[in-house]
Amino acid sequence: MKLGSRPTIVPARGTVVVCLVGVALASGQAAAGGQTASTQKPVMAEDILKNVQVLRGIPLDEFMGTMGFFAAALSLNCTDCHVGAALDNWERYADDTPRKQTTRKMILMVRAINQANFGGKREVTCYTCHRSSNRPKVTPSLAEQYGTPPPDDPDELESVEQTPAPGAPSADQILDKYIQALGGAQRLANLSSFVAKGTYTGYDTSDAKVPVEVYAKAPGQRTTVAHVSVGDGTTKDSTTVYDGRAGWISMPNTLVPMLVLTGGNLDGAKVDADFSFPGRIKQALTNWRAGFPETTIDDHEVQIVQGISAGKSLVKLYFDRKSGLLLRQVRYADTVVGLNPTQVDYSDYRELSGVKLPFRWTVTWTDGQSTFEMSEVQLNVPIDAAKFAKPTP
């Protein structure tokens, strides 16, 4: 996805909207790893989409994440690979194009490289060579060699854990400072629910602000409802639900009106629900680690802590060194071709009844970016259990 330009896929005009709307409302794609418990049978890509040849046998939501991985690796968007007519006709997404045929060959080539050289372990991906270019470079660049090196990406999964310097805070100490910065363990323990109202902006809204509500109930339920225009002055709900075990995305005017979350996407929905109640953050993840090189985010010095979710997913957290507040969460969704990063940036912390919560968060992933801005948050209010039930398409 070319993030700097207008997207060519708009709501209700193609299957890719499943990814664009769904992941945004779920606060981003989820981390890599296993699947949180769910008894529902996921819809496979070939059950819905036509002419799926190489990427068969994977859930539909993972298939969409794979498309996002291709977009990031090659800096392309949907119509760079699919025919332009697909914008107005879902059936045309199945049409073959030379670039789609080349992609299939490249997938098989990368699989063969990993099998022959790394025992099948995924060490080489599309991004290894392409690096956000549709044509890998084969000639060294003297400008890059002798120029100013680009800044390090603090989100890189390959960040190396170092031996902590004497006196460096442990993961437990950094988390304790975060809990204290939000109001303290006792006040956070008293937070049992909240209802937030505000606006949502994303590619699926054509960058317009639309009303949104967020419902969260401890210990781990969360629902997001955005009221998205579908044309002719009509507004319909796009709903993401995590009920504590299963997750769904319901969207109007899409090829799949009800998408069951699986694997990393489901695990990420659980992480978002758990993080809605930060007093439980130590229980939300395990295998906490610190000792990573300190870096900066928007001129804020940050300390990095890493944990593993219930679904064995890697989650990295970036805390402001001075205030102790959480500025960023990064997680990685597993696909058949590689890991997809999702970044959630938190800001505009406000105090309510002695508890600080972020009123703004921006989600960036390989298929787009969306922003949530809350104007009203009510704490410890009763929420009808129906809010966390499987939504109706």
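Under the working numbering, think of the first position of the sequence shown as 1042, with each following residue one higher. Don't be surprised by glycine CBs; every beta carbon is placed ideally from N, CA and C. As the structure is a computational prediction, the values presented were derived from the model and not from experiment.
(request) Under 6 Å Cβ to Cβ from residue 1288, same chain only, skipping five residues before and after it: list those, please. (result) Position 247 of the sequence shown, counted from the start, is the residue given in the question as residue 1288. Within the same chain, residue 1288 has close Cβ partners 1302, 1307 and 1310.
(request) Figure out for me which residue from 1226, 1253 and 1249 has the closest Cα to the Cα of residue 1239. (result) Working through the sequence shown from its first residue, we reach residue 1239 at position 198. Nearest of 1226, 1253 and 1249 to residue 1239, Cα basis: 1253.
(request) Output the boundary residues of the beta strand (DSSP E) element that contains residue 1400. (result) By 1-based counting over the sequence shown, the position of residue 1400 is 359. Taken as a continuous stretch (DSSP letters only), the beta strand (DSSP E) holding residue 1400 covers 1396 to 1406.
(request) Thinking residue 1370 and residue 1356 are a contact (beta carbons under 8 Å), I'd like their distance in whole angstroms, please. (result) As a working mapping, residue 1370 is identified with position 329 in the sequence shown. As a working mapping, residue 1356 is identified with position 315 in the sequence shown. At roughly 7 Å, the Cβ-Cβ gap stays under 8 Å, so residue 1370 and residue 1356 are in contact.
(message) If you measure between the beta carbons of residue 1111 and residue 1144, is that distance less than 8 Å?
(response) Against the sequence shown, residue 1111 aligns to sequence position 70. Against the sequence shown, residue 1144 aligns to sequence position 103. Yes, the Cβ-Cβ distance between residue 1111 and residue 1144 is below 8 Å.
(request) Rounded to whole angstroms, what's the CA-CA distance from residue 1102 to residue 1319? Just pull it up for me. (result) Position 61 of the sequence shown, counted from the first residue, corresponds to residue 1102. Position 278 of the sequence shown, counted from the first residue, corresponds to residue 1319. Looking at the two C-alpha atoms, the distance is approximately 28 Å.
(request) Would you check if there are 3 or more beta carbon pairs closer than 8 Å linking the segment 1376 to 1395 to the segment 1162 to 1171? (result) Yes, the segment 1376 to 1395 touches the segment 1162 to 1171.
(request) Keeping to the same chain, check which residues put their C-beta closer than 8 Å to that of residue 1222; ignore five residues upstream and five downstream. (result) The count along the sequence shown starts at 1 and reaches residue 1222 at position 181. Excluding positions up to five away in sequence, the list reads 1364, 1365, 1366 and 1397.
(message) Rounding to the nearest angstrom, what Cα-Cα distance links residue 1091 and residue 1429 in this structure?
(response) For this step, residue 1091 is matched to residue 50 along the sequence shown. For this step, residue 1429 is matched to residue 388 along the sequence shown. Taking the straight line joining both Cα atoms gives about 33 Å.
(message) Please report the distance separating the alpha-carbon of residue 1226 from that of residue 1263.
(response) Counted from its first residue, the sequence shown places residue 1226 at position 185. Counted from its first residue, the sequence shown places residue 1263 at position 222. Their Cα atoms are separated by approximately 21 Å.
(request) Report the rounded CA-to-CA distance for residue 1299 versus residue 1208, giving the unit in angstroms. (result) Your numbering for residue 1299 matches position 258 in the sequence shown. Your numbering for residue 1208 matches position 167 in the sequence shown. So the two alpha carbons sit approximately 51 Å from each other.
(request) Determine the burial state of residue 1317: buried for a count of at least 16 other Cβ atoms within 10 Å of its Cβ, exposed for fewer. (result) As a position in the sequence shown, residue 1317 is number 276, starting the count at 1. Classification of residue 1317: buried, given that the 10 Å Cβ count is 16 or more.
(request) Specify the secondary structure class of residue 1176 as computed by DSSP and reduced to three states. (result) On the sequence shown, position 135 is the one that residue 1176 refers to. The answer is coil: DSSP assigns residue 1176 none of H, G, I, E or B.
(message) To the nearest angstrom, how far is the alpha carbon of residue 1330 from that of residue 1348?
(response) Residue 1330 sits at position 289 when you count from the first residue of the sequence shown. Residue 1348 sits at position 307 when you count from the first residue of the sequence shown. Approximately 6 Å, taken between the alpha carbons.
(message) Taking the alpha-carbon of residue 1094 as reference, which of 1274, 1146, 1185 and 1129 has the nearest alpha-carbon?
(response) Position 53 of the sequence shown, counting from 1, holds the residue named residue 1094. Selected option, being the one with the closest Cα: 1146.
(request) Whole angstroms is fine: what's the gap from residue 1423's alpha carbon to residue 1284's? (result) The residue you call residue 1423 lines up with position 382 of the sequence shown. The residue you call residue 1284 lines up with position 243 of the sequence shown. C-alpha separation (whole angstroms): 16 Å.
(message) Using only the alpha-carbon positions, how far apart do residue 1418 and residue 1104 sit?
(response) What you label residue 1418 is simply residue 377 of the sequence shown in a count that begins at 1. What you label residue 1104 is simply residue 63 of the sequence shown in a count that begins at 1. Cα to Cα, residue 1418 sits roughly 35 Å from residue 1104.
(message) Output needed for residue 1195: all residues of its chain with C-beta closer than 6 Å, excluding positions within five of it in sequence on either side, in chain order.
(response) Within the sequence shown, the letter at position 154 stands for residue 1195. Cβ within range, chain order: 1336.
(message) Given this structure, state the Cα-to-Cα distance separating residue 1063 from residue 1421, to the nearest angstrom.
(response) One-based indexing of the sequence shown puts residue 1063 at position 22. One-based indexing of the sequence shown puts residue 1421 at position 380. Interpretation of residue 1063 is limited by its pLDDT of 34, a score under 50 that renders its predicted location unreliable; no figure is taken from the coordinates.
(message) By the DSSP assignment, the alpha helix (DSSP H) with residue 1228 in it spans what residues?
(response) Position 187 of the sequence shown holds residue 1228. Run containing residue 1228: 1226 to 1230, per the alpha helix (DSSP H) assignment.
(message) For a quick check, are the C-beta atoms of residue 1243 and residue 1409 less than 8 Å apart?
(response) The count along the sequence shown starts at 1 and reaches residue 1243 at position 202. The count along the sequence shown starts at 1 and reaches residue 1409 at position 368. Cβ atoms of residue 1243 and residue 1409: closer than 8 Å.
(message) So, at 6 Å on beta carbons, what are the nonlocal neighbours of residue 1250 in its own chain, with the 5 sequence-adjacent residues on each side left out?
(response) In the sequence shown, the residue the question calls residue 1250 occupies position 209. 1240 and 1242.
(message) Is it buried or exposed, residue 1235, if we count other Cβ atoms within 10 angstroms and call 16 or more buried?
(response) Position 194 of the sequence shown, counting from 1, holds the residue named residue 1235. The residue is buried, with at least 16 neighbouring Cβ atoms inside 10 Å.
(request) Starting from the C-beta of residue 1346, find all residues in its chain whose C-beta is less than 6 Å away, skip the five residues before and the five after it, and write them out in chain order. (result) Against the sequence shown, residue 1346 aligns to sequence position 305. 1212, 1215, 1331 and 1358, listed in sequence order.
(message) Does residue 1245 pass the burial test, meaning 16 or more other C-beta atoms within 10 Å, or should it be called exposed?
(response) Mapped onto the sequence shown, residue 1245 falls at position 204. Its Cβ being crowded by 16 or more others within 10 Å, residue 1245 is buried.
(message) My output table needs one value for residue 1095: the three-state DSSP class, helix, strand or coil.
(response) Taking the sequence shown and counting its residues from 1, one reaches residue 1095 at position 54. If DSSP states are grouped into helix, strand and coil, residue 1095 belongs with coil.
(request) Following the continuous alpha helix (DSSP H) through residue 1107, name the residue where it begins and the one where it ends. (result) Mapped onto the sequence shown, residue 1107 falls at position 66. 1101 to 1115 is the extent of the alpha helix (DSSP H) around residue 1107.
(request) Round the Cβ separation of residue 1115 and residue 1155 to the nearest angstrom and send it over; I've been treating them as touching at under 8 Å. (result) Taking the first residue of the sequence shown as 1, we reach residue 1115 at position 74. Taking the first residue of the sequence shown as 1, we reach residue 1155 at position 114. So it is not a contact: roughly 19 Å between Cβ atoms.
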